[in-house]
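Since the structure comes first, as structure tokens, the remarks are kept for the end.
Numbering (the working numbering), first residue to last: 3 to 70.
Structure (structure tokens):
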């Protein structure tokens, strides 16, 4: 029986498990960051006051000048 190959297998298993845990932690951190960004974006959109359209003249906001 080759003891060196058994130790190598155990080392590979530990490294593989460690990499998997590290990947899971990274994914969880990324999900948390994305959730935080989505929440902040929602708050920013909701904080923008709505402009009343009744106060604007009929010709404002209807046409877009596409030539510069």
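We treat Cβ as the ideally placed atom computed from N, Cα and C, and that holds for glycine.
Everything numeric in this text was worked out from a predicted model, so none of it was measured.
Spatial neighbours of residue 31 in its chain, beta-carbon cut-off 8 angstroms, leaving aside the 5 residues before and after: none
Residue 41 in three-state terms, based on DSSP: helix
Euclidean distance between Cα positions of residue 61 and residue 41: 36 angstroms
DSSP state of residue 25 mapped onto helix, strand, coil: helix
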